[in-house]
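In this text, residue positions in the sequence shown follow the numbering used here: the first is 4, and each later residue adds one.
Positions of the beta carbon are idealized from the N, C-alpha and C atoms, including for glycine.
Computed from a predicted structure; not experimentally measured.
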Amino acid sequence: MYLTYARVILYPSGWKVFAFLNTLHHAFMYAYFAGATAFSNILPWTGTVQLVVGIVGEAFVVWDMMRGGNCGRREGLWASFLGMGLLGTYFVLWIGDLKGKETKGVEKEGMKEE
Numbered sequence: 004m005y006l007t008y009a010r011v012i013l014y015p016s017g018w019k020v021f022a023f024l025n026t027l028h029h030a031f032m033y034a035y036f037a038g039a040t041a042f043s044n045i046l047p048w049t050g051t052v053q054l055v056v057g058i059v060g061e062a063f064v065v066w067d068m069m070r071g072g073n074c075g076r077r078e079g080l081w082a083s084f085l086g087m088g089l090l091g092t093y094f095v096l097w098i099g100d101l102k103g104k105e106t107k108g109v110e111k112e113g114m115k116e117e
């Protein structure tokens, strides 16, 4: 909720791309949670893409605002920094989750061999 608010405050350009990717990922995620296991293989990809695009997009918006470009007024910089911080935190947690799943798979395989 805070990320969505921060991302669209003062209407910086490019927010529609992030909103689309974020919504797409969450639609697949909720379908998976509802039992549609067909989405399990694409969730790591959609999650990573939406986070990377969001972080790069926010970095561009900050860079553009700092040089006085078209992405918004400098008063909106705090929202972009908040968005980058939240997305960065999500990215670290996401990578940790992906690595944890890989480690669990290795441990399970090792247990089967014993």
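Secondary structure of G72, DSSP reduced to three states: Looking at G72 - three-state DSSP - the assignment turns out to be coil, as it is neither helix nor strand.
Contact set for E116: own chain, Cβ-Cβ below 7 angstroms, skip 5 residues either direction: With a pLDDT of 48 at E116, under the threshold of 50, the modelled position of this residue cannot be trusted; read the value that follows with caution. Correct list: empty, nothing qualifies.
Per-residue DSSP class, three states only, for G99: Helix.
G38, DSSP secondary structure in three states: Reduced to three states, the DSSP call for G38 is coil.
CB of F94 within 8 angstroms of CB of L46, strictly: With respect to L46, F94 sits apart: the two C-beta atoms are not nearer than 8 angstroms.
Local conformation of I45 per DSSP, three classes: I45: coil per DSSP, three-state reduction.
Sufficient close CB pairs (3 or more, under 8 angstroms) joining the stretch 38 to 45 to the stretch 61 to 79: Because the criterion of three Cβ pairs below 8 angstroms is not met, the stretch 38 to 45 and the stretch 61 to 79 do not touch.
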